[in-house]
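Input: a single structure, listed below in structure tokens.
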Amino acid sequence: MSKSSSYQHLREYQKQGSKVENNVGGEKQFWKVIAIKKDPRNFWIPTEDCPYLDNRYPLERVRYAVEQGNLIVAQKKLGPFHYELWATEPKLKV
Numbered sequence: 079m080s081k082s083s084s085y086q087h088l089r090e091y092q093k094q095g096s097k098v099e100n101n102v103g104g105e106k107q108f109w110k111v112i113a114i115k116k117d118p119r120n121f122w123i124p125t126e127d128c129p130y131l132d133n134r135y136p137l138e139r140v141r142y143a144v145e146q147g148n149l150i151v152a153q154k155k156l157g158p159f160h161y162e163l164w165a166t167e168p169k170l171k172v
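Under our numbering, the first residue of the sequence shown is numbered 79, with each subsequent residue one higher.
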């Protein structure tokens with residue numbers, strides 16, 4: 079019984095994926111707090127760890143980077159109306 083071509087493509091993809099993971103395997107993925115929000119009426123305040131802090135609108139650049147796939151962002155709730163915005167770079171870039 080012969081294997082289908084789609085199965086062979088899947089096996090090749092899995093082999094290539096494991097090679098990429100081996101290259102990146104030594105690096106750890108670090109999350110940084112890039113902005114905080116303490117009041118529902120206030121805006122997000124960028125921190126020193128924000129990668130686009132030197133830009134005029136740093137959080138707009140962060141959103142654009144997320145849309146392009148260059149950044150992963152998560153929001154963490156610390157208390158009532160107190161949030162942190164966390165960001166990291168993806169392990170595999172498309």
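Yeah, the Cβ is synthetic: ideal placement off N, Cα and C, and Gly gets one too.
So, at 6 Å on beta carbons, what are the nonlocal neighbours of residue i in its own chain, with the 5 sequence-adjacent residues on each side left out?
| i | result |
| --- | --- |
| residue 144 | 151 |
Which whole-angstrom value is the C-beta distance of residue i and residue j, which I expect to be below 8 Å?
| i | j | result |
| --- | --- | --- |
| residue 112 | residue 123 | That pair is no contact at about 10 Å. |
So which of the options has the shortest CA-CA distance to residue i?
| i | options | result |
| --- | --- | --- |
| residue 147 | 133, 170, 128 and 107 | 170 |
| residue 119 | 158, 107 and 138 | 158 |
| residue 140 | 107, 116 and 166 | 166 |
Do residue j and residue i count as a contact pair if the criterion is CB distance below 9 Å?
| i | j | result |
| --- | --- | --- |
| residue 127 | residue 110 | yes |
Given residue i, which residues of its chain have a CB within under 7 Å of its CB, disregarding the five upstream and five downstream residues?
| i | result |
| --- | --- |
| residue 154 | 161, 162 and 164 |
| residue 137 | 113, 122 and 124 |
Run the CB neighbour count on residue i, radius 10 Å, all protein chains shown included, and call it buried at 16 or more, exposed below.
| i | result |
| --- | --- |
| residue 156 | exposed |
For residue i, which residues of its own chain have a beta-carbon under 8 Å away from its beta-carbon, when the five flanking residues on both sides are left out?
| i | result |
| --- | --- |
| residue 108 | 166 |
| residue 168 | 147, 148, 149 and 150 |
| residue 117 | 159 |
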